[in-house]
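> Please find one structure pasted underneath; my questions will follow.
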Amino acid sequence: MKLAIGGDHAGFEYKKQLVEFLKKEGHEVKDFGPDTDASVDYPDHVHPLSEAVEKGEYELGILICGSANGVAMTANKHQGIRAGIAWEDELAALTRQHNNANIICIPARFIDYDKTQSIVNTFLNTEFEGGRHGRRVDKISC
Numbered sequence: 017m018k019l020a021i022g023g024d025h026a027g028f029e030y031k032k033q034l035v036e037f038l039k040k041e042g043h044e045v046k047d048f049g050p051d052t053d054a055s056v057d058y059p060d061h062v063h064p065l066s067e068a069v070e071k072g073e074y075e076l077g078i079l080i081c082g083s084a085n086g087v088a089m090t091a092n093k094h095q096g097i098r099a100g101i102a103w104e105d106e107l108a109a110l111t112r113q114h115n116n117a118n119i120i121c122i123p124a125r126f127i128d129y130d131k132t133q134s135i136v137n138t139f140l141n142t143e144f145e146g147g148r149h150g151r152r153v154d155k156i157s158c
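Going letter by letter, the sequence shown gives residues 17 to 158 in our numbering.
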């Protein structure tokens with residue numbers, strides 16, 4: 017799978033570990049930054065990632081920041097993006113099954129790395145259910 021990953025300084029360490037893990041799993045991964053744990057403005061990384069997912073250059077995106085709120089708000093400004101926050105596997109599954117999310121947003125300051133990896137696995141391996149959910153998803157964009 018072609019994946020896009022990014023975030024902010026608070027998510028840097030988890031992002032670095034996830035990139036390594038995802039590549040070992042056979043995924044093609046593009047890291048949109050940041051490249052260090054120095055303070056950054058997350059929209060500088062989130063907008064390019066979101067544009068690439070929106071254009072279909074990458075199948076799914078992963079964003080990691082302190083609370084996941086800032087990256088989710090920024091990503092969701094893009095019409096073709098449905099970014100959901102998850103801190104549990106069930107939320108990652110539901111955001112794919114019911115909302116056809118194409119970006120998962122993870123709160124690094126509130127969960128450990130093992131949980132992060134589990135959430136990403138769940139997100140990547142869950143399919144959109146369609147049906148009544150498809151009708152609802154079609155009504156999200158303005």
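Virtual Cβ for every residue (Gly too), placed ideally from N, Cα, C.
For the segment 35-107, list the beta strand (DSSP E) runs that are entirely contained and at least 3 residues long, ordered along the chain.
You should have 44-47, 76-81 and 99-101.
> CA-CA distance, Val153 and Ala91?
Spanning the two alpha carbons is a distance of roughly 16 Å.
> Report yes or no: do three or more beta-carbon pairs, one from the segment 95-115 and one from the segment 145-152, lie closer than 8 Å?
Flag = yes, the segment 95-115 and the segment 145-152 touch.
> Going by alpha carbons, who is nearest to Gly49 out of Lys40, Asp60, Gly42 and Glu41?
With distances taken between Cα atoms, Gly49 lies closest to Asp60.
> Return yes when the Cβ of Lys31 is within less than 9 Å of the Cβ of Ile97, no when it is not.
Contact: no.
> Nearest-angstrom Cα distance between Glu44 and Lys18?
About 5 Å.
> Would Ile78 and Ile119 qualify as a contact pair, given that the criterion is a beta-carbon distance under 9 Å?
Their beta carbons are under 9 Å apart, which means Ile78 touches Ile119 by this criterion.
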